[in-house]
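Read through the structure below, which is laid out as structure tokens, and then see the notes.
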Amino acid sequence: MSVRVLALVGSLRAGSHNRQLAEAAVKHAPEGVEVVIYEGLGEVPFYNEDIDVEGAVPAAAAALREAAGQADAFLLFSPEYNGTLTAVLKNAIDWLSRPYGAGAFTGKPAAVVGTAYGQFGGVWAQDEARKALGVAGATVLAEAKLSIPGSVVRFAELHPQDDAEVAEQLPAVVAQLAEATAVAA
Ligand SMILES: Cc1cc2nc3c(=O)[nH]c(=O)nc-3n(C[C@H](O)[C@H](O)[C@H](O)COP(=O)(O)O)c2cc1C
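The sequence shown lines up with residues 26 to 210 when you count with our numbering.
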């Protein structure tokens with residue numbers, strides 16, 4: 026049975042380079058690993074304890090929790106907005122962090138990669154995402170990382186799946202996640 030890695034992409038725009046990076050992870054997934062991009066983060070309402078009520082959770086948030094529950098590991102694709110992670114990604118983390126102590130991240134491996142326009146490739150945002158994931162209960166693979174700078178220029182003509190560095194380094198991150206699921210099992 027293959028390891029199922031759920032990819033959460035922190036940008037909603039159609040031409041998102043982080044989305045394309047996630048597509049590269051799907052394409053270059055090592056044997057025995059299935060990377061699935063979660064569709065629908067844009068429909069998930071802002072987290073609000075008043076609507077996080079058992080039996081009445083909004084459908085989009087319930088669907089996210091369901092998909093996360095079926096995942097063995099998580100790979101977050103984080104751009105950087107104003108020096109930190111995007112609201113879309115943080116909102117997903119918040120929904121998956123509850124019920125407290127029993128959210129879908131609990132005890133499962135997670136890693137964060139991403140690309141941004143700046144010269145550091147969004148490292149601030151990705152570090153913040155790791156911090157939030159850890160607090161939310163995931164086993165964060167701090168060393169499994171990839172931050173690609175200059176997204177707008179680098180991927181203007183080139184899809185990340187055809188980028189040699191991505192094709193080499195991204196599957197290594199996915200492989201580390203898969204190995205970590207074996208340890209956690
Ligand atoms: C609101 C906003 C804030 C941004 N802030 C940063 C930033 O702090 N650091 C950075 O490297 N790029 C920043 N950028 C540029 C993004 O890195 C760039 O638009 C990137 O391509 C977004 O990811 P995407 O292609 O997946 O949508 C910002 C872009 C927007 C729209």
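Beta carbons: idealized from backbone N, C-alpha and C, even for Gly.
Counted within 10 angstroms of its Cβ, other Cβ atoms place residue i as buried (16 or more) or exposed
| i | result |
| --- | --- |
| Gln214 | The structure shown has nothing for residue 214, since the chain only spans 26 to 210. |
| Ile76 | exposed |
| Asn11 | The structure shown does not extend to residue 11, since the chain is modelled only from 26 through 210, so no value can be given for it. |
| Pro124 | exposed |
| Gly214 | Summary: the structure shown does not reach residue 214, with the chain confined to residues 26 through 210, and so no result is reported for it. |
| Glu105 | buried |
Proximity of residue i and residue j at Cβ, strictly below 9 Å
| i | j | result |
| --- | --- | --- |
| Asp97 | Thr206 | yes |
| Ala49 | Ala169 | no |
| Val34 | Ser41 | yes |
| Pro83 | Pro196 | no |
| Ser172 | Thr111 | no |
| Ala135 | Leu114 | no |
| Gln45 | Pro174 | no |
Own chain partners of residue i with C-beta closer than 7 Å, once the 5 adjacent residues on each side are dropped
| i | result |
| --- | --- |
| Ile118 | Ala157, Leu158 and Ala161 |
| Ala86 | Val69, Pro70 and Trp120 |
| Asn116 | Val69, Phe71 and Tyr72 |
| Leu31 | Val61, Tyr63, Ala92, Ala93, Ala96 and Phe99 |
| Glu153 | Thr109 and Leu110 |
Contact test: residue i Cβ vs ligand 1 heavy atom, cutoff 8 Å
| i | result |
| --- | --- |
| Ala207 | no |
| Asn43 | yes |
| Pro104 | yes |
When the options are compared against residue i, the one with the closest alpha-carbon
| i | options | result |
| --- | --- | --- |
| Val177 | Ala112, Gly147 and His53 | Gly147 |
| Gln88 | Gly65, Pro104, Leu202 and Glu105 | Residue 88 is actually Ala in this sequence, not Gln. Nearest of Gly65, Pro104, Leu202 and Glu105 to Ala88, Cα basis: Gly65. |
| Gly57 | Asn43, Ala32 and Met26 | Met26 |
| Ala107 | Val61, Trp149 and Gly67 | The sequence shown places Asn at residue 107, rather than the Ala named in the question. Residue Trp149 is the option with its Cα nearest to Asn107. |
Spatial neighbours of residue i in its chain, beta-carbon cut-off 6 Å, leaving aside the 5 residues before and after
| i | result |
| --- | --- |
| Glu167 | What sits at residue 167 in the sequence shown is Ala, not Glu. Here the set comprises nothing. |
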